[in-house]
Amino acid sequence: MADKTSYLLSHKLSSTLHLLCEKRCLPSLGYIHGFSLASSCYLVSCSALADGEKPGLLYDTVAQSLPTGITIIGVYIITDNFSDSTVVERKFRNQISALYKVLPDDTTSILLSVDVNNSRDGFKLYEYDNEYYSLKSLSCNRTDYDILSHCIVARLQANLPLTMEYTDNKEKLRNDLFAEIEKWKEQLLCHSTAFHVMDSDMLLFTGDDNKTDYTFNDVIDHIHREDDEDDGFSKKSKRKLTDYSKVVIHLRLLCQRSDGSFTHTEINLPIDIVAYVHPDVLATHLAYDMTTSICTQLDAFHEMITSDKDNALHTSVPFHFKPASLGHVITVVYPGDKTEEQLEPRRRRLHHIYHLPTDMPQLRRLNAFSFPDERLPGGYIINPHLGLSSSGVSGGCISLVRGQYTYHHYMQDRMDDNGWGCAYRSLQTLVSWFRLQGYTDKPIPSHHEIQKILVDIGDKDGKFINSKMWIGSTEVSFVLDNLLGVTSKILFVSSGAELETKARDLAVHFDTQGTPVMIGGGVLAHTILGVHFNDVSGDVKFLILDPHYMGQDDLRIIQDKGWCGWKSPTFWDKNAYYNLCMPQRPLAI
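According to full-length UniProt numbering, the sequence shown is numbered sequentially starting from 1.
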């Protein structure tokens with residue numbers, strides 16, 4: 001029963017509800033999503049019902065996009081009638097009841113009521129009886145404990161073949177395809193499905209005879225047993241894993257299908273499922289949940305085909321995203337033949353559902369989440385500033401680059417640019433930010449391509465191509481404009497000593513634009529990733545990414561040796577003037 005469960009309101013969800021209250025779009029209704037562990041249920045995120053939208057459509061969209069382990073557990077409502085729960089229930093009975101009616105019968109019926117005038121403290125949780133329209137108060141406490149960061153990520157990738165009799169009749173082929181999807185769902189749910197834990201000899205079963213009682217802590221220990229360190233005396237020293245957020249366990253689906261001997265055509269559905277699993281949970285539970293999630297993703301493929309008005313059969317692909325404001329992965333199945341412009345209406349709806357910003361891309365295919373065990377082509381390090389120690393400034397505010405970028409520095413890409421290529425490398429880092437945020441699919445330009453752009457626009461003469469000539473902030477802004485259509489502000493300071501007076505300007509830039517900043521002065525160029533500024537004491541530190549590094553892409557060395565780190569104002573040459581190229585991100589979705 002709901003009253004035996006301890007409910008905890010996460011910081012992420014609390015922040016989202018606060019922003020919704022500030023918008024004062026009343027009433028605001030939707031679903032609450034939770035992560036359950038033992039007798040506790042963490043309220044981690046929510047999804048909004050749009051005006052005029054059918055609750056069933058919202059439920060299907062959310063159920064198909066939430067990761068395994070996070071489920072819809074109830075309804076939220078933001079209202080100015082907060083003080084009287086009876087008034088809230090009577091006034092919005094139809095909307096609340098409609099949201100509950102489409103939920104599975106085993107869903108916990110809770111209602112989170114939020115006071116639009118006091119979102120920080122004004123929230124109440126109830127057990128809701130949708131048959132008798134009664135409310136029973138439940139205890140709910142705030143927590144700063146991020147349960148999902150203490151979970152393991154399990155990922156299943158598989159190609160499910162759909163085999164059908166060949167026909168030129170698209171309508172028949174379409175119907176046969178739907179029938180094949182239903183057959184797969186029946187097969188998956190018949191308790192003969194198993195999952196192989198990759199890099200181990202462990203199997204997870206869904207059958208009733210599965211009596212395994214090991215947890216995912218045991219699974220991790222088993223996988224890493226062979227990786228334990230040798231202490232020099234042919235003995236293994238067991239290492240204790242402390243950061244589960246960087247652990248990704250890969251699963252392989254074991255499920256057989258028998259087919260007829262007719263002439264056939266085959267379509268492969270690329271299943272890709274993500275699950276959040278707490279280390280203390282029994283491993284067998286995941287097998288059941290994964291099976292259900294596969295069926296849910298098959299429904300998403302089914303709907304993708306159904307919504308195609310030209311009756312064509314197109315390949316669709318699941319993409320995983322992890323918006324910063326949401327705090328967990330969501331999965332969206334996109335048709336492979338559609339452009340980003342064609343998909344904008346769907347993205348806009350998803351932005352509304354998950355309360356995502358409407359002025360920057362979050363769910364474009366290039367925004368796809370990179371899992372901890374994945375590396376980008378080229379082996380570039382993503383966000384090397386993460387994990388750095390504090391700046392040393394007491395108090396004040398920290399303003400940082402928002403989103404992802406890659407670190408580009410001397411001697412990468414088999415290019416010897418030692419002594420002249422630092423601004424080129426900083427420019428490459430800036431372009432990587434626009435790529436990874438989904439603004440462009442254009443590749444990061446090489447030195448030659450950068451030089452050619454500057455020649456083509458008339459800024460340089462032909463001799464500049466293949467030369468070792470420096471470029472500065474102005475040239476960087478020209479390339480960003482020509483290559484990406486991105487405009488930049490140029491901020492000038494007459495000496496390095498003056499840079500600390502621009503801390504507030506930099507803070508505003510990072511808080512509003514979020515893009516990395518290229519700075520050039522004398523013969524050196526760097527990338528500014530953030531600023532920590534105390535406007536009372538005047539203390540300031542700059543977060544600097546140094547493109548002059550020439551070693552291997554080893555994050556520990558890069559951080560420990562200061563190639564990415566906090567720098568005081570004395571880092572800048574007081575006798576050199578500086579120009580800062582501050583890219584302005586386009587307003588897009």
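Note that CB positions come from ideal geometry on N, CA and C, so glycine has one too.
Query: Of all the alpha helix (DSSP H) runs that stay within the bounds of the segment 302-354, which reach a length of 4 or more residues?; Result: 344-353
Query: Look at the alpha carbon of Q187 and the alpha carbon of C41, and state the distance between them as a whole number of angstroms.; Result: 31 Å
Query: Between which two residues does the beta strand (DSSP E) carrying E127 extend?; Result: F123 to D129
Query: What ranges does the beta strand (DSSP E) occupy inside the segment 436-517, keeping only unbroken runs of at least 3 residues that lie completely in it?; Result: 488-493
Query: Look at the alpha carbon of R239 and the alpha carbon of I220, and state the distance between them as a whole number of angstroms.; Result: Unreliable placement is indicated for R239, whose pLDDT of 48 sits below 50; the coordinate value is still reported in the next sentence. When rounded, the distance between both Cα atoms is 11 Å.
Query: How big is the Cα-Cα spacing for A503 and G472?; Result: 21 Å
Query: With a CB to CB cut of under 7 Å and the five nearest residues on each side skipped, what residues in its chain are close to S65?; Result: I330, T331 and V332
Query: With a CB to CB cut of under 7 Å and the five nearest residues on each side skipped, what residues in its chain are close to A507?; Result: C397, S399, V531 and F533
Query: With H, G and I counted as helix, E and B as strand and the rest as coil, what does DSSP make of Q157?; Result: strand
Query: So Y578 and G521 are supposed to be a Cβ contact under 8 Å. How far apart are they, rounded?; Result: 4 Å
Query: Quick one: using the 10 Å Cβ neighbour count with 16 as the cut-off for buried, is L49 buried or exposed?; Result: buried
Query: Quick one: is F510 buried, meaning 16 or more other Cβ sit within 10 Å of its Cβ, or exposed?; Result: buried
Query: Tell me, to the nearest whole angstrom, how far the beta carbon of A576 is from that of S477; I am working on the premise that it is less than 8 Å.; Result: Their Cβ separation, rounded to whole angstroms, is 19 Å, which puts A576 and S477 out of contact at 8 Å.
Query: Answer yes or no: do K541 and K567 have a C-beta to C-beta separation smaller than 8 Å?; Result: yes
Query: In this structure, how does DSSP classify L529 when only helix, strand and coil are distinguished?; Result: strand
Query: DSSP three-state call for T358: helix, strand or coil?; Result: coil
Query: Quick one: grab the DSSP three-state call for K185.; Result: helix
Query: By a C-beta neighbour count over all protein chains shown, 10 Å radius and 16 as the cutoff for buried, is R585 buried or exposed?; Result: buried
Query: Spell out the partners DSSP gives F35 in its beta bridges.; Result: Y42 and I70
Query: Have a look at I32 and S394 and give me their C-alpha separation to the nearest angstrom.; Result: 38 Å
Query: Smallest Cα separation from M290: which of Q157, K183, P161 and Q428?; Result: Q157
Query: I'd like the list of long-range same chain contacts for Q559, defined as Cβ closer than 8 Å, with 5 residues on each side in sequence excluded.; Result: P384, G387, L388 and G565
Query: Does DSSP classify M411 as helix, strand or coil?; Result: coil
Query: How many Å lie between H150 and A368 at the Cα?; Result: 22 Å
Query: Beta carbon of L480, beta carbon of P583: below 8 Å?; Result: yes
Query: Identify whether N579 lies in helix, strand or coil by the three-state DSSP scheme.; Result: strand
Query: Three or more C-beta pairs under 8 Å: does that hold for the segment 50-57 against the segment 110-122?; Result: no
Query: What residue range is occupied by the uninterrupted alpha helix (DSSP H) comprising S6?; Result: Counting along the chain, S6 falls outside any alpha helix (DSSP H), though it belongs to the beta strand (DSSP E) covering S6 to S10.
Query: Confirm, please, whether the CB-CB distance from Y334 to L326 is below 8 Å.; Result: no
Query: Rounded to whole angstroms, what is the Cα-Cα separation between L103 and E374?; Result: 36 Å
Query: Under 8 Å between the Cβ atoms of Y407 and I381?; Result: yes
Query: E89 and Y132 - do their beta-carbons sit closer together than 8 Å?; Result: no
Query: Going by DSSP in three states, S15 sits in which element: helix, strand or coil?; Result: helix
Query: My output table needs one value for I223: the three-state DSSP class, helix, strand or coil.; Result: helix
Query: How is E374 classed by DSSP in three states: helix, strand or coil?; Result: coil
Query: Which residues mark the beginning and the end of the alpha helix (DSSP H) in which R364 is found?; Result: Per DSSP, R364 belongs to no alpha helix (DSSP H) and is neither H nor E.
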